[in-house]
Amino acid sequence: MSATPEHRVAILALDGVTPLDLSIPAQIFTTRPETPYETTVCGLGDLVATSGGFSLTTGGGLDRVRTADTVIVPGYEPGGDPPATPPEEVLDALVETRERGGRVVSICTGAFVLAAAGILDGLRATTHWLHIDELARRFPSVTLERDVLYVDEGDVLTSAGVCCGIDLCLYLVRRDLGAAVANRIARGLVAAPHRDGGQAQYIPAPVTTVGETSLSETRDWALHHLDEPITLRMLARHAGVSPRTFMRRFAAETGTTPLQWLVSARLGKARELLETTDDSVEQVARACGLGTAANLRLHFRRSLNTTPTAYRRTFAR
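Residues 1 to 317 in UniProt numbering are what the sequence shown lists, from first letter to last.
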């Protein structure tokens, strides 16, 4: 997507919508000088009841959904009961969006709506881990990814619960406008600039236990030394623990391995350098710790299915 043409985003709020799930895309896709998004909260009527016990006024109806470039369905009806099937007119509007080439996205249990519309048939998808068994039972034609943050199937994307919606929405901005813009928005939200979709959505120990300290300082140290060789032993030494303990705690805190995290961080830095500097591909490769232009091209091809030069041509400011 070009950074210039207007891109219409419709957030489809159904009765019982989770306020936090709704606010995530509303905040990330709000109009900014550097973004082309025009965002509208849409519903079946002028008022939508939220799961928080209050109502919100919508800015548009299903007509806005039918003409949007991106439609986002936040989660709804949280708790022990799985979401009910939405009205046929909602499902029809989503089908029309896909048929004309629009992008359709779900956050958390919004995946039930996409599945009910048949949009997820034959595709990979995810949802909140509490409801993934019910989604599998109701919609066996959907291939469910149980331990990921989000799934990208081109113009159909789904995320796991709540905070994973932040990861997915920032991922969409990065895909649309590049890493520099997405990172600026993430900093404004005080959110992690990039988490790969393949990281685990359910982390058994999201907070440290008594006697342990977070590894966030070590991750921050690594982000400031990406141009240098970084080994597992160096990370463990910085954290003051053994390599084995470091591996265990790193996975518990992040849902990924130190190596995967480092590669992702280095690719993120490379993307931003390609967008914001005139450095050569070789210089960028050295600055982000990937060594050579050939190695940078290899990682770009594997992770982004493009080349550094093509990426720069698309996103350079």
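Ideal placement from N, C-alpha and C gives every residue a C-beta, glycine not left out.
Uninterrupted alpha helix (DSSP H) stretches at least 4 residues long and entirely within the stretch 124 to 185 occur at 132 to 138, 163 to 177, given in chain order.
Arg138 and Glu145 have their C-alpha atoms some 15 Å from each other. Cα atoms of Cys164 and Leu170: separation of roughly 10 Å, rounded to the nearest angstrom.
For Ala316, the CB contacts under 6 Å within the same chain, skipping 5 residues up- and downstream, are Glu275 in chain order. Annotation: Thr277 is outside any alpha helix (DSSP H) and is labelled neither H nor E by DSSP.
Note on geometry: alpha-carbon atoms of Ala310 and Arg286 lie some 19 Å from one another. Look at the beta carbons and you see the stretch 84 to 92 touching the stretch 112 to 119: at least three pairs across the two are nearer than 8 Å. Burial is judged here by how many other beta carbons sit within 10 angstroms of a residue's own beta carbon; His7 has at least 16 and is buried.
When secondary structure is reduced to three states using DSSP, Ala49 falls in the strand class.
For the 7 Å CB-CB criterion, His128 and Ala160 form a contact. If only complete runs of 3 or more residues are kept, the stretch 27 to 77 shows the beta strand (DSSP E) at 37 to 42, 47 to 49, 55 to 57, 70 to 73, in order along the chain. Counting only residues of its own chain and dropping the five nearest sequence neighbours on each side, Thr158 has a CB closer than 6 Å to the CB of Ser106, Ala111, Ala125, Thr126, Val151. Bridge pairing for Arg302: absent [DSSP].
Under the three-state reduction of DSSP, Leu12 is assigned to strand. Assignment of Arg187 by DSSP, reduced to helix, strand and coil, places it in the helix class.
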